[in-house]
Every structure is written in structure tokens, then in C-alpha cells.
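**Student:** For the sequence shown, UniProt numbering begins at 1 and goes up steadily by one.
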Amino acid sequence: MSNLSVGMIVEWISEQEGSTPLVERILWVNPTATDLVSIQLDEPLALPVWKRFADIEEALSNGSAIIRVADPYAHRLHPPESFLLKHRQRRESEPFRGLAHQPDFRRSNGPCFSVGTQQRGNAYP
Numbered sequence: 001m002s003n004l005s006v007g008m009i010v011e012w013i014s015e016q017e018g019s020t021p022l023v024e025r026i027l028w029v030n031p032t033a034t035d036l037v038s039i040q041l042d043e044p045l046a047l048p049v050w051k052r053f054a055d056i057e058e059a060l061s062n063g064s065a066i067i068r069v070a071d072p073y074a075h076r077l078h079p080p081e082s083f084l085l086k087h088r089q090r091r092e093s094e095p096f097r098g099l100a101h102q103p104d105f106r107r108s109n110g111p112c113f114s115v116g117t118q119q120r121g122n123a124y125p
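1. From which residue to which residue does the alpha helix (DSSP H) around D55 run?
2. Report yes or no: do the region 57-73 and the region 12-30 share at least 3 C-beta pairs separated by less than 8 angstroms?
3. Just the C-alpha distance for H75 and F53, rounded to the nearest angstrom, thanks.
4. Looking only at C-alpha atoms, which of V37, V69, P21 and L22 sits nearest to W28?
5. With DSSP as the reference, label A74 as helix, strand or coil.
6. Taking the beta strand (DSSP E) that D42 falls in, what are its first and last residues?
7. Could you tell me how far apart the beta carbons of F71 and I9 are, in whole angstroms, since I believe they sit closer than 8 angstroms?
8. Round the Cβ separation of E24 and L41 to the nearest angstrom and send it over; I've been treating them as touching at under 8 angstroms.
9. Would I26 and V49 qualify as a contact pair, given that the criterion is a beta-carbon distance under 7 angstroms?
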């Protein structure tokens with residue numbers, strides 16, 4: 001029995017020459033280690049998928065899959081200071097200044113704020 005756990009990255013080895021391997025992150029393992037939930041990392045619209053724990057273990061033992069030690073998305077856990085500064089400056093810009101300190105801002109002004117950002121073309125929900 002392998003030690004599959006939440007956060008591990010499983011790369012499925014493709015038998016086709018030149019094809020991109022499927023890379024998944026384990027999101028959840030049930031307490032009895034019979035099932036798990038994973039999500040494909042390279043697909044922006046991917047949804048979580050329920051899988052049998054034994055199927056992953058079998059693929060690891062026969063070489064159809066490997067556990068990736070290096071996380072290709074680890075750099076996102078600690079973004080560079082320039083990235084953080086850019087977003088901080090945006091939040092502190094004139095249209096947003098003071099809004100965060102108003103009580104019940106989301107409930108009372110949320111719909112109006114959403115319309116304004118949509119009209120300006122911003123990607124805020």
C-alpha cells in the first residue's frame with residue numbers, strides 16, 4: 001500500500017509519443033483509503049473527479065503513473081513582492097479607497113459595485 005495523501009501530484013504516463021501527460025492533484029482521501037478525489041492541473045475548467053484508491057496504487061506499481069516530487073504550482077504559494085504590490089496598489093486606488101472599512105459594504109453596495117466593475121470591464125464578480 002502506497003502513502004497517497006492530500007496534496008500529492010500524480011502524473012499519468014502516456015503511451016503515445018509526444019502527448020502531454022495528465023497531471024492531477026489529490027484533493028481528498030476518505031478515511032478508509034478506498035476512494036479519493038483528484039483534479040487535473042493542466043485544465044483550467046477541470047472539475048474534481050472521484051477515483052478508487054486501489055486504481056491509483058495499481059497504476060503506480062505498474063508504471064502507468066508516478067508521484068511528482070516537484071510541484072509545478074508551488075511558486076503560487078508565495079508570489080513575488082512585485083505581484084503583491086501591484087494588487088495592493090489596485091485595492092488602494094481611488095475607486096476602492098475606504099470601501100473596505102464601511103460596515104455591511106457587500107450587502108448594501110455589492111450589486112451597485114458589481115455593475116460598476118462590469119461596465120468598466122474589470123473581472124470582479
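From the three backbone atoms N, C-alpha and C, an ideal C-beta is built for every residue, glycine too. This structure is a prediction, so every number in the text was calculated from the model and none was measured.
**Tutor:** Quick look at the numbers:
1. F53 to N62
2. yes
3. 28 angstroms
4. V37
5. helix
6. Taken as a continuous stretch (DSSP letters only), D42 belongs to no beta strand (DSSP E), as it is neither H nor E.
7. Position check: residue 71 holds Asp in this sequence, whereas Phe was assumed. Rounded, the Cβ-Cβ distance is 6 angstroms, consistent with contact.
8. 6 angstroms
9. no
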